[in-house]
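S.K.:
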Amino acid sequence: MWPRLERRAEASPRMRCLSPLIAVALTIIGGLAVFALLGKSPVQAFAVFFVNPVHDLYGVSELLLKATPLMLIGVGLAVGYRANVWNIGAEGQFILGAIFATGVALQLPESASRWWALPLMAVAGAIGGGLWAAVPAFLRTRFHTSEILVSLMLVYIAQFLASWLVYGPWKDPQGFNFPQTRLFPDTALLPVMIEGTRLNASFMLAIAALLGAYVFMQRSFRGFQMQVAGQAEHAARYAGFSASRAVWGGLLAGGAMAGVAGMSEVGGPMGQLTTQISTGYGFAAIIVAFVGRLHPLGIFFASLLMALLYLGGEQAQQYLNLPASISNVFQGMLLFFLLAADLFITYRLRWAAPSFGRRAWMQR
Amino acid sequence: MQLSARPDAPRLDLRGVCKRYGALVANDAIDLTVQPGEIHAVLGENGAGKSTLMKIIYGATQPSAGEMRWCGERVEVASPRQARGLGIGMVFQHFALFETLTVVENVALALPGRPDLDDLASRIDAVSRRYGLPTDPRRLVHVLSVGERQRVEIIRCLLQNPRLLIMDEPTSVLTPQAVKKLFETLRQLADEGCSILYISHKLDEIQALCHAATVLRNGRVTGHCRPQDETPGSMARLMIGKDLPVCERIASSSTGEVRLQVNALTQAARDPFGVDLKDIDLEVRAGEIVGVAGVSGNGQQELLWALSGERTIEAAERLHVCGVDAGRLDPAERRRLGLGFVPEERLGRGAVPQMTLASNALLTAHGQGMVRHGIVRNSVVSAFAERCIAEYGVKCSGTEAPAQSLSGGNLQKFIVGREIMQSPRLLVVAQPTWGVDVGAAAFIRQALIDLRDQGTAVLVISEELDELFEVCDRLAVIAGGRLSPAVATRDISVEKIGVWMSGLWPDLAGAALVGAAIHEEIGHVAQA
Chain R
551 MWPRLERRAE ASPRMRCLSP LIAVALTIIG GLAVFALLGK SPVQAFAVFF VNPVHDLYGV
611 SELLLKATPL MLIGVGLAVG YRANVWNIGA EGQFILGAIF ATGVALQLPE SASRWWALPL
671 MAVAGAIGGG LWAAVPAFLR TRFHTSEILV SLMLVYIAQF LASWLVYGPW KDPQGFNFPQ
731 TRLFPDTALL PVMIEGTRLN ASFMLAIAAL LGAYVFMQRS FRGFQMQVAG QAEHAARYAG
791 FSASRAVWGG LLAGGAMAGV AGMSEVGGPM GQLTTQISTG YGFAAIIVAF VGRLHPLGIF
851 FASLLMALLY LGGEQAQQYL NLPASISNVF QGMLLFFLLA ADLFITYRLR WAAPSFGRRA
911 WMQR
Chain X
-2 MQLSARPDAP RLDLRGVCKR YGALVANDAI DLTVQPGEIH AVLGENGAGK STLMKIIYGA
58 TQPSAGEMRW CGERVEVASP RQARGLGIGM VFQHFALFET LTVVENVALA LPGRPDLDDL
118 ASRIDAVSRR YGLPTDPRRL VHVLSVGERQ RVEIIRCLLQ NPRLLIMDEP TSVLTPQAVK
178 KLFETLRQLA DEGCSILYIS HKLDEIQALC HAATVLRNGR VTGHCRPQDE TPGSMARLMI
238 GKDLPVCERI ASSSTGEVRL QVNALTQAAR DPFGVDLKDI DLEVRAGEIV GVAGVSGNGQ
298 QELLWALSGE RTIEAAERLH VCGVDAGRLD PAERRRLGLG FVPEERLGRG AVPQMTLASN
358 ALLTAHGQGM VRHGIVRNSV VSAFAERCIA EYGVKCSGTE APAQSLSGGN LQKFIVGREI
418 MQSPRLLVVA QPTWGVDVGA AAFIRQALID LRDQGTAVLV ISEELDELFE VCDRLAVIAG
478 GRLSPAVATR DISVEKIGVW MSGLWPDLAG AALVGAAIHE EIGHVAQA
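Just so you know, the protein sequences line up as chains R and X, in that order. Start counting at 1 in the first sequence, then tack on 550, and there's your number in the numbering used here. Take the second sequence: its position 9, counted from the start at 1, is 6 in the numbering used here, and no numbers get skipped.
Put into structure tokens, the structure is as follows:
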């Protein structure tokens, strides 16, 4: 008796919600197996990885701090993904946002006030990320290029651009030749929300972005139009919804939000631009968007989970002598298990002995 | 157990075939026997289980219970490939063609081995000429109209010299002449010993063609008959369990205001295999239904794109919608002028397959107070969808049912209802009842007539002549991208329209020229 896949009559909405939870459970089980194979006690490793990082207020604040850029980028990407616009280059847009915000921060006069300096930096970040995302949008709508490839390739250009700036024109003269800019003046730093932690105002910005995206994606007519354009091109044309507007909207939303996240990084925990700006948030946010089912509430929890994997990875380095790449292993497992579990949204497993046609699942 | 085929055994013999999808019983203990050389009709409304049964015979799905005998020998058909190996060919109602491939490549995929494409192309040419199914083997499938795709399906089957040919609604897109030609072909095939399973809702055709009929209702066999001994009315009763509804219509000769006017519209086709529109003149007035007949692929698609705004017209004054120059307006702007539009393709164009019926109501009816300050008012949307489902008798699980879960006929009722409920001043409808069962078709036609009586201008573009004659006040014919003058339906016969469909209509300057060009193109249809 062999199991076989059978297509469901209708996609299962229950499975759509359960799938990320199954993926998380399998990731944890897989992670414990990895720990065991590396000769660590799974119980202890679990505690270090998943409990230690959040056992005190500071830990929780760090979790929220890490989750902030993931929320911002993830929700921006979700707007595009719902319209079948596949922006894979949020990392590059994140870097450009950081660069633009840094450009503003470094030019601020002595007399600058936080009240206009920070919004200006945020807007500059959004413009930077948006411009970087406009390139694939233009090429896709004008020449039908794949936005997946273009946006991804632009990531590497962005990384080199940031390197050139911090090694060249923007290098801190008093920085002992380190590849970094001057530290930002206080007016260009996001205010800390809880004394004694690094959690800053950008967290509130991320929450606002999630709420805004909820209204846009779930309730607004424009959001509906983008969704139609993404799901059924001919239906969109029939109804008079512009397909190119959906491409532009999807890419610009992702780019601008990633740019704001970049600003929150240089204007927050980093306080300057360095070559360390590319931390992989832009790629991790892709996983966040999918684990969160492209829904703002899901993205909120998925960001927390992903942030926990980052923090857990750091703890595992410190206390368990595991390599830094352990975080990436967890991210990879999470995405892998999610995609595997997603198969069961449209298929189900049948154990019945097949009397007719063993290969039924291969046809339609 | 290996039985040798007995010569006197039925070609196909189904016993107690059941098919369940979860709780839904699509086929319930079906018995069906088809003799060699017999043309056997399977009659039934949409959802009666005809398509499921055919898929089982063709190996595209497996029965939950029951057995199938092929020439007396018990077989289990696990795949269409195996079915084709036995000698079963099928023309699906929903086409199974790859859109990005050419006709000849599509045909090659269905054949065993790796046929030589050039050789195959000439064989396709030969078959298409012999059976009056004009097709260019080198065209890409995605540019073909529904009717042309069906021809490809038929040719694909005929190339394999089948011993049982399953035809699902094969004539809905052919001219009367081509239908006659196809029937000759089918009779010839039957005389040569090929059995034919013929699914159709056109009862007069079944009467003319078929030797025997099996009637299905709600997944069960409800009767057998010899179509020659029956009338279309008696067969309809067997099929739907009651008398066939008849459209009530009083002919109208409208002098209402002109709602749609096309002036000398000439437009080159966007894709290389499309049909160029040449010098189209058309006028539809408030309170009349104008029909456009024609064999598919003669410019209907292009004309519809131009009317709906899915393709805009450079010279804005060539098209007036409700008195406004509308050539350069996009579909949404034309809707605001009062245009409603029901496209030929339901899934993917008229409706978004994965979205709910409520969302699909929002797709075009958003002007009905469904959006305020950019925010969708869900209560208004569901109320509209609910009313549409109730008033148009759409069978579905509710407003949250995805569009793709509905049968073709039910989705069509929803789309027609959605457009009519917006009280359009001008309604353009393409293939209103294509693949829709008789009950639903009569309902949709009546809805169009009622809309006309309320003063709407209605344009119907259809490949079904019976339908056009039933509902239209005036008729025009499209052929080779040109449109004939519109004449009052009562002044013209089906035969004459059939001749016009090959591009030969009188009283136009240069008509002979047009006729010659088109004759070249589809001449082999008319040649017996």
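All residues carry an ideal CB built from backbone N, CA and C; glycine is no exception. All figures in this text were calculated on a predicted structure; none of them were measured in a lab.
Would you please state the rounded distance, in angstroms, between the beta carbons of X/Thr211 and X/Leu235? I believe it to be under 8 Å.
M.R.: Here residue 211 of chain X is taken as the residue at index 214 of the second sequence, counted from 1. Here residue 235 of chain X is taken as the residue at index 238 of the second sequence, counted from 1. Not a contact, Cβ separation roughly 10 Å.
S.K.: Shorter than 8 Å from the beta carbon of R/Ser661 to some beta carbon of chain X?
M.R.: Here residue 661 of chain R is taken as the residue at index 111 of the first sequence, counted from 1. R/Ser661 does not count as touching chain X.
S.K.: According to the neighbour-count rule (16 or more other Cβ atoms, all chains shown, within 10 Å of its Cβ), is X/Pro134 buried or exposed?
M.R.: Here residue 134 of chain X corresponds to residue number 137 of the second sequence, with the count starting at 1. By the neighbour-count rule (16 or more Cβ atoms within 10 Å), X/Pro134 is buried.
S.K.: For the beta strand (DSSP E) that contains X/Tyr18, what are its first and last residues?
M.R.: Taking the second sequence and counting its residues from 1, one reaches residue 18 of chain X at position 21. Note, X/Tyr18: beta strand (DSSP E), 9 to 18.
S.K.: Is the beta carbon of X/Leu213 less than 8 Å from the beta carbon of X/Ile163?
M.R.: One-based indexing of the second sequence puts residue 213 of chain X at position 216. One-based indexing of the second sequence puts residue 163 of chain X at position 166. No, the Cβ-Cβ distance between X/Leu213 and X/Ile163 is not below 8 Å.
S.K.: Just to confirm before moving on: does the CB-CB distance between X/Cys68 and X/Arg8 stay below 8 Å?
M.R.: Translated into positions along the second sequence, residue 68 of chain X becomes position 71. Translated into positions along the second sequence, residue 8 of chain X becomes position 11. Result yes, Cβ atoms of X/Cys68 and X/Arg8 sit closer than 8 Å.
S.K.: Considering only residues of the region 758 to 785 of chain R, which uninterrupted alpha helix (DSSP H) runs meet the minimum length of 4 residues and lie entirely inside it, listed in chain order?
M.R.: For the region 758 to 785 of chain R, whole alpha helix (DSSP H) runs of length 4 or above, ordered along the chain, are 771 to 781.
S.K.: I'd like the span of the alpha helix (DSSP H) that includes R/Gly804, first residue to last.
M.R.: Taking the first sequence and counting its residues from 1, the one referred to as residue 804 of chain R is at position 254. Run containing R/Gly804: 793 to 815, per the alpha helix (DSSP H) assignment.
S.K.: Distance cutoff 8 Å, beta carbons only. Does X/Met(-2) sit that close to anything in chain R?
M.R.: For the purposes of this step, residue -2 of chain X is taken as residue 1 along the second sequence, with counting starting at 1. Confidence in X/Met(-2) is poor, its pLDDT being 38 and thus under 50, which makes the residue's placement too unreliable to answer from.
S.K.: By the criterion of Cβ-Cβ separation under 9 Å, what are the contact partners of X/Glu307 in chain R?
M.R.: Translated into positions along the second sequence, residue 307 of chain X becomes position 310. Those are His784, Arg787, Tyr788, Gly790, listed as they occur along chain R.
S.K.: For a test of the three-state rule: what should DSSP assign to R/Trp665, helix, strand or coil?
M.R.: Residue mapping note: residue 665 of chain R aligns to position 115 of the first sequence, counting from 1. In this structure, R/Trp665 counts as helix in the three-state DSSP scheme.
S.K.: Is it true that the CB of R/Ala640 sits closer than 8 Å to the CB of R/Ala808?
M.R.: Locating residue 808 of chain R in the first sequence gives position 258, counting from the first residue. Locating residue 640 of chain R in the first sequence gives position 90, counting from the first residue. Taking 8 Å as the Cβ cut-off, R/Ala808 and R/Ala640 qualify as a contacting pair.
S.K.: X/His363 touches chain R at which residues, Cβ-Cβ below 7 Å?
M.R.: The residue labelled residue 363 of chain X in the question sits at position 366 within the second sequence. In chain order: Phe771.
S.K.: For the region 154 to 237 of chain X, list the alpha helix (DSSP H) runs that are entirely contained and at least 4 residues long, ordered along the chain.
M.R.: Correct list: 173 to 188, 200 to 206, 229 to 237.
S.K.: Hey, would you say the C-beta of R/Leu622 is under 7 Å away from at least one heavy atom of the ligand GTP?
M.R.: Ligands in the displayed structure: none, and consequently the ligand GTP is not present.
S.K.: For the 8 Å Cβ check, are there 3 or more pairs between the region 627 to 640 of chain R and the region 799 to 816 of chain R?
M.R.: Taking 8 Å as the limit for Cβ pairs, the verdict is that the region 799 to 816 of chain R does touch the region 627 to 640 of chain R.
S.K.: Which ranges does the beta strand (DSSP E) cover as unbroken runs of at least 3 residues, wholly within the region 723 to 753 of chain R, from first to last along the chain?
M.R.: With a minimum length of 3 residues, no continuous beta strand (DSSP E) run stays inside the region 723 to 753 of chain R.
S.K.: Determine the chain X residues that contact R/Glu560 at a beta-carbon separation under 8 Å, and present them in chain order.
M.R.: Stepping through the first sequence from its first residue, residue 560 of chain R is reached at position 10. Simply Pro399, Ser402.
S.K.: Can you give me the start and stop residues for the alpha helix (DSSP H) that R/Phe894 sits inside?
M.R.: Taking the first sequence and counting its residues from 1, the one referred to as residue 894 of chain R is at position 344. It spans 876 to 896 - the alpha helix (DSSP H) in which R/Phe894 sits, taken as one unbroken run.
S.K.: Closest to X/His37 by C-alpha separation, out of X/Ile196, X/Arg153, X/Ile121, X/Val104, would be which residue?
M.R.: Here residue 37 of chain X refers to the residue found at position 40 when the second sequence is read from its first residue. With distances taken between Cα atoms, X/His37 lies closest to X/Ile196.
S.K.: Give a yes or no on whether the C-beta atoms belonging to X/Val14 and X/Ile53 are separated by under 8 Å.
M.R.: Within the second sequence, numbered from 1, the residue matching residue 14 of chain X stands at position 17. Within the second sequence, numbered from 1, the residue matching residue 53 of chain X stands at position 56. In this structure, X/Ile53 lies closer than 8 Å to X/Val14 by Cβ.
S.K.: Do you know offhand how far R/Phe906's Cα is from X/Leu360's?
M.R.: What you label residue 906 of chain R is simply residue 356 of the first sequence in a count that begins at 1. What you label residue 360 of chain X is simply residue 363 of the second sequence in a count that begins at 1. Low confidence applies to R/Phe906: its pLDDT is 46, below 50, so where it sits in the model is not reliable, and the reading given next is rough at best. In a straight line, the C-alpha of R/Phe906 is about 42 Å away from that of X/Leu360.
S.K.: Between R/Tyr860, R/Gly647, R/Ala684, which has its C-alpha nearest R/Val838's C-alpha?
M.R.: For the purposes of this step, residue 838 of chain R is identified with residue 288 of the first sequence, where counting begins at 1. Of R/Tyr860, R/Gly647, R/Ala684, the residue nearest in Cα terms is R/Tyr860.
S.K.: Is the separation between the beta-carbon of X/Ile151 and that of X/Pro131 shorter than 8 Å?
M.R.: Counted from its first residue, the second sequence places residue 151 of chain X at position 154. Counted from its first residue, the second sequence places residue 131 of chain X at position 134. It is not a contact, given that the beta carbons lie outside the stated cut-off.
S.K.: Counting only beta-carbon atoms, is X/Met51 nearer than 8 Å to chain R?
M.R.: Residue numbering aside, residue 51 of chain X sits at position 54 when the second sequence is read from its first letter. No - not a single Cβ of chain R is within 8 Å of the one on X/Met51.
S.K.: If you measure from the beta carbon of X/Tyr18 to each beta carbon in chain R, is any gap under 8 Å?
M.R.: Within the second sequence, residue 18 of chain X is the residue found at index 21, counting from 1. Yes, X/Tyr18 lies at the interface with chain R (some Cβ there is under 8 Å from its Cβ).
S.K.: Relative to the C-alpha of X/Arg66, which candidate in X/Asp28, X/Glu102, X/Ala313 has its C-alpha closest?
M.R.: Walking along the second sequence from the start, residue 66 of chain X turns up at place 69. Among X/Asp28, X/Glu102, X/Ala313, the Cα nearest to that of X/Arg66 belongs to X/Asp28.
S.K.: Does the count of Cβ pairs from the region 418 to 431 of chain X and the region 452 to 464 of chain X closer than 8 Å reach three?
M.R.: Taking 8 Å as the limit for Cβ pairs, the verdict is that the region 452 to 464 of chain X does touch the region 418 to 431 of chain X.
S.K.: Compare the C-beta of R/Gln781 against all C-beta atoms of chain X and say whether one is closer than 8 Å.
M.R.: Walking along the first sequence from the start, residue 781 of chain R turns up at place 231. Chain X, which has a Cβ nearer than 8 Å to the Cβ of R/Gln781, makes this yes.
S.K.: Spell out the partners DSSP gives X/Pro399 in its beta bridges.
M.R.: Residue mapping note: residue 399 of chain X aligns to position 402 of the second sequence, counting from 1. Paired residues: X/Thr353.
S.K.: Just to confirm, are X/Arg325 and X/Ile310 a CB contact at a threshold of 8 Å?
M.R.: Here residue 325 of chain X refers to the residue found at position 328 when the second sequence is read from its first residue. Here residue 310 of chain X refers to the residue found at position 313 when the second sequence is read from its first residue. Contact flag set, yes.
S.K.: So, for X/Glu307: in the same chain, excluding its five sequence neighbours on each side, which residues have a beta-carbon less than 7 Å away from its beta-carbon?
M.R.: The residue you call residue 307 of chain X lines up with position 310 of the second sequence. For X/Glu307, where only same-chain residues beyond five positions count, the Cβ hits under 7 Å are Pro328.
S.K.: Taking 8 Å as the cut-off, decide whether the C-beta atoms of R/Tyr897 and R/Leu555 are in contact.
M.R.: Numbered from 1 along the first sequence, position 347 holds the residue referred to as residue 897 of chain R. Numbered from 1 along the first sequence, position 5 holds the residue referred to as residue 555 of chain R. For R/Tyr897 and R/Leu555, yes; Cβs fall inside 8 Å.
S.K.: Taking X/Ser394 as the reference, give the member of X/Ala355, X/Ser119, X/His363 with the closest Cα.
M.R.: Locating residue 394 of chain X in the second sequence gives position 397, counting from the first residue. Checking every option, the nearest Cα to that of X/Ser394 belongs to X/Ala355.
S.K.: Within 8 Å of any Cβ in chain X, is that where the Cβ of R/Val797 sits?
M.R.: Here residue 797 of chain R is taken as the residue at index 247 of the first sequence, counted from 1. No, R/Val797 does not count as interfacial toward chain X.
S.K.: Check the Cβ of X/Gly337 against every Cβ in chain R and list those closer than 8 Å, keeping chain order.
M.R.: Within the second sequence, the letter at position 340 stands for residue 337 of chain X. Residues of chain R passing the Cβ test: none, with the nearest at roughly 12 Å.
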